[in-house]
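Residue numbers (our numbering): 73 to 240.
Report on one structure; see the data block that follows.
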Amino acid sequence: MTSALSIRPARTSDVYAIKELVAPLAEQRILISKESVAYFESIQEFFIAELDGAVVGCGALHVMWEDLAEIRTLATANSLRGQGIGHTLVERLLEQARAVGVSRVFCLTFEVDFFVRHGFEVMADQSAVDPTVYSELLRSADEGVAEFLDLARVKPNTLGNTRMLRHL
73 MTSALSIRPA RTSDVYAIKE LVAPLAEQRI LISKESVAYF ESIQEFFIAE
123 LDGAVVGCGA LHVMWEDLAE IRTLATANSL RGQGIGHTLV ERLLEQARAV
173 GVSRVFCLTF EVDFFVRHGF EVMADQSAVD PTVYSELLRS ADEGVAEFLD
223 LARVKPNTLG NTRMLRHL
């Protein structure tokens, strides 16, 4: 990459580019495809990577609890994989996590080595939250929270994925 990569908060006009970035990964069952309305509803969580004015990557930070957030929907343009875009997005999402007061960041991924390079570790046990918080999180309708809790109803979506956590 000879041009400068920039990272910025997403805008509603980015939703269709996000869907385009996610589509090939959803076809490969790496990411889950979502309806446009879901992206519009969560647009404030997203950051966009731009190169020469084109959207070439995206990622979101979803706060799950006072000290816990999830990196989700991390995607880069197929033709630009391995160029540092994902790295730059993860670093920006971790900065955002710190800015909002989160001390732990979760991800559910097939890209274990990538996230290990960013300080994430495979979750060794299911007790990442205390029982009181667990019972509160059970009330969430968010699929990412269900994936974090490793609930049976999301198992078909998580097969082969690894649950990882980073302490900030």
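Every residue, glycine too, gets a C-beta built ideally from N, C-alpha and C.
### Query
Any idea what DSSP makes of Gly125, helix, strand or coil?
coil
### Task
Rounded to whole angstroms, what's the CA-CA distance from Glu219 to Thr148? Just pull it up for me.
22 Å
### Message
Rounding to the nearest angstrom, what Cα-Cα distance links Gln116 and Ala196 in this structure?
### Response
31 Å
### Message
Within a Cβ cutoff of 6 Å, which residues of the same chain sit near Leu93, ignoring the five residues on either side of it in sequence?
### Response
Cys130 and Ala147
### Query
Should Gln241 be labelled buried (16 or more other beta-carbon atoms within 10 Å of its own) or exposed?
Outside the displayed span of the chain (73 to 240) sits residue 241, for which this structure offers no information.
### Task
List the DSSP bridge partners of Thr145.
Answer is none; Thr145 lacks a bridge partner.
### Query
Of the choices Gly125, Ala169 and Tyr88, whose alpha-carbon is the least far from that of Ala141?
Ala169
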